[in-house]
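Heads up, the sequence shown is in the working numbering, so the first residue is 182 and it goes up one at a time.
Yeah, the Cβ is synthetic: ideal placement off N, Cα and C, and Gly gets one too.
Bear in mind that the values here come from a model prediction, so they are computed numbers and not experimental data.
Please read the structure below before turning to the comments.
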Amino acid sequence: MPILVMKFGGTSVADLERIGNAAQKVAREVARGYDVIVIVSAMSGKTNELVDWVEQTSPLFDAREYDAVVSSGETVTAGLMALTLQEMDVPARSWQGWQVPLHTTSAHSAARIESIPRDHIDQKFDEGMKVAVVAGFQGISPEGRITTLGRGGSDTTAVAFAAAFEAERCDIYTDVDGVYTTDPRITDKARKLPRIAFEEMLELASLGAKVLQTRSVELAMRNKVKLRVLSSFEDNDETSGTLVCDEEDIMESNVVAGVAYSRDEAKMTLVSVADRPGIAAAIFGPLSDAGVNVDMIVQNISEEGRTDMTFSCPTNQVSRAEAAMEKAKAEGEINYHGLIADTDVAKVSVVGIGMRSHAGVAARMFQALRDENINIKVITTSEIKISVLIDRKYMELAVQALHDAFDLATAG
Ligand code: ADP
Ligand code: ASP
Ligand code: MG
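Written as C-alpha cells, this is what we have:
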C-alpha cells in the first residue's frame, strides 16, 4: 500500500470536534487506498501551559524533566485520535515517540532525530492496521530519557516519518490554507503561493515564519520529501495548499518570494571594547560556549583604539548572554564599559531566490522603510535574503510596506 503522512497542528486538534474533523480527513485517505501515518500536535495552547507550569515550579529547570512534562500534550492527542478513528471503524493505534522508538540526540528541548526504525509499524500495517497515530514532537535519547524536538517540532516528526517510510507525500494540515507571501495575520493583502522553493521556505522559516519548523524544511529538502501545507478546515483536493518543491519545478516567481518577521529578537551592545586582533573571538567564543544563538553582528567605527560591538540574539537568551560577557570580563578576556540590552526590537526580512540575479533589492527595501520613517538599527544580508532590525512598534508597518514595495499581492 502507498503510505501518506498527515500532520495536524494544535489548532487542528484543539478540541474533540476538531479531532473528529481531522479523523474524517484521515478516513477519506484510507478509503482512497493509503496506509496513513498521522502525526499529531498537542491541543492548541497546551504546550504553552505545560511550559509555564515547568517554569513556575523550577525557574532553572532540569531539561530532562521539562521534556517529560511538555511532551505530554502530544501523548493525549495521539490516544484521542486513535480512539476517534476506531469509533469510525478505521483500524488505528497510537504510538508515543519512545514506543516507535524515535531515536534522538540527548539535547533536551532541542533534540535532533537520529533514526526511525520501521519494523514495528510496518508489521502492524501488514496485519491490517490502516492508521498509525504518532505523537509528534517527542523522542527518546540514548540514555533512555524522553526528549522533545523544539517548539513547532511536530512538523519535523512528520517529515522524518515521510522520509523513513518513503511516503508518497507529507501533508501538513494547519489553520491557514498554505504558505503565504507573508503572515496573513499581518496583512490581508498576503497572497497564497501555489508553490515555494525549499530554499526560500527554509529562509522564511528560519527568519520567523512559523508555518513550518525550519528543521522540517531542511529534512524535506535533503530527503526529497514531497511536502505540502494545507488547511484542516477546508475540503481539499490534489491542487490545494502550497507545495514546497525544488526551484526547477516553479515556472514563474517574483524576485522576492516573501516577507518574514520575528518579534523574538534582542539587540545587545558592548560599549567601548578594545579594537584589537582577536576581540571578536574573545566575545563570540564565550557566547557560543554559553549556548547563545548570535544572529546579526555589527562592529562600529573605532575611535582611539576602542569600538562598540553590537549583536542580536533571541530575547530569552539575554540573561545568558549577559552572564557570559560578565564572566569573560571577570576573567580578563575582554574589557568593556557597558552592556546595553534592547529588547524592544524586531527583525523583518525579505527572501527570494531571484535576488541572486537581480540587483537593487536592498535599495528598494531601504527606500520603502525610509518612506515610512522607520529607522534601521542593524542590517544583514545573504545570497537570498536581507534582514533589518527595527523598533518593534514598527514591525507590522514594515512588513506591510515591504509587501507593497515588492508587489507581492500580485503573482510575478
Ligand atoms: P500549527 O499549530 O498547525 O503547527 P502554527 O501556528 O505553528 O500552526 O503555524 C501556522 C501559522 O503560521 C499561521 O496561523 C500563520 O499566522 C503563521 N504564519 C507565519 N508566516 C506565515 C506565512 N508566510 N504563510 C502562512 N502562515 C504563516
Ligand atoms: N506542541 C509543540 C509546540 O507547541 C510542538 C508542535 O506543535 O509542533 O511547540
Ligand atoms: Mg506549528
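*Less than 7 Å separating the beta-carbons of T169 and S225?*
An answer regarding residue 169 cannot be provided, because it is not within the stretch 182 to 593 covered by the chain.
*Whose C-alpha, out of Q304, H301, P282 and D300, is nearest the C-alpha of I294?*
P282
*May I ask you to list the residues that DSSP assigns as paired with M187?*
The bridge partners DSSP lists for M187 are V219 and D352.
*asked:* Comparing C-alpha positions only, which one of A590, A273 and T328 sits nearest to A288?
replied: Checking every option, the nearest Cα to that of A288 belongs to T328.
*With a cut-off of 8 Å on the beta carbons, I'd call M490 and I521 a contact; round off their distance for me.*
11 Å between Cβ atoms; not a contact.
*Please indicate yes or no: does the CB of D356 lie closer than 6 Å to some heavy atom of the ligand ADP?*
yes
*Taking E446 as part of the beta strand (DSSP E), name the residues at either end of that continuous run.*
In the DSSP annotation of this structure, the continuous segment of the beta strand (DSSP E) that includes E446 starts and ends at G439 to A455.
*Just mark K227 as buried or exposed, buried being the case when its beta carbon has 16 or more other beta carbons within 10 Å.*
K227 is buried by the Cβ-count criterion.
_Using a Cβ-based criterion (distance less than 6 Å to any ligand heavy atom), does S222 qualify as near the ligand ATP?_
Judged by which ligands are present, the ligand ATP is missing from the structure shown, whose ligands are the ligand ADP, the ligand ASP and the ligand MG.
*Report whether the distance from the Cβ of G190 to the nearest heavy atom of the ligand MG is below 6 Å.*
yes
*At a cut of 8 Å, does the stretch 182 to 190 reach the stretch 209 to 224 through at least three beta carbon pairs?*
yes
*Are the stretch 378 to 398 and the stretch 312 to 321 touching by the rule of at least three beta carbon pairs closer than 8 Å?*
no
*Pick out the complete alpha helix (DSSP H) segments inside the stretch 290 to 340, 4 residues or longer, and give them in chain order.*
300 to 307
*Thinking just about the alpha-carbon of each residue, which of A390, K391 and A386 is nearest to the one in E399?*
A386
*Looking at C-alpha atoms only, which residue of Y215, L374 and S443 is the closest neighbour of M432?*
L374
_Tell me the rounded alpha-carbon separation between V580 and R444._
About 12 Å.
*When every heavy atom of the ligand ASP is checked, does at least one fall within less than 6 Å of the C-beta of F342?*
no
*Thinking C-beta only, is A204 closer than 7 Å to L266?*
yes
*Please go through the same chain and pick out, in chain order, the residues whose beta-carbon is closer than 7 Å to the beta-carbon of M269, but skip the five residues on each side of it.*
A204 and A208
*asked:* Please tell me whether, using a cut-off of 6 Å, the distance from the CB of G519 to the nearest non-hydrogen atom of the ligand MG is below it.
replied: no
_Backbone CA spacing between V250 and A263 [nearest angstrom]_ = 21 Å
_Tell me which residues share the same chain as E428 and place their Cβ nearer than 8 Å to its Cβ, disregarding the 5 neighbours each side in the sequence._
A378, F379, E380 and I534
*Residues bridged to D523 [DSSP beta-bridge criterion]*: K448
*Quick one: residues in its chain with C-beta nearer than 7 Å to the C-beta of F492, no 5 flanking neighbours on either side, listed in chain order?*
M449, V475, M477 and I478
*Hey, how far is the Cα of D358 from the Cα of R376?*
12 Å
*Could you tell me whether any non-hydrogen atom of the ligand MG is closer than 6 Å to the CB of G333?*
yes
*Between A343, I482, S483 and A441, which lies nearest to T368 when the distance is taken from Cα to Cα?*
Comparing Cα positions, the closest option is A441.
*Separation of N556 from I218, as counted between CA atoms*: CA-CA distance, I218 to N556, rounds to 48 Å.
*In DSSP terms, what Y361 is bridged to*: K373
*What are the partner residues of T423, as DSSP defines its beta bridges?*
Answer by DSSP bridge pairing, in chain order: V410.
*A462: CB within 6 Å of a non-hydrogen atom of the ligand ADP*: no
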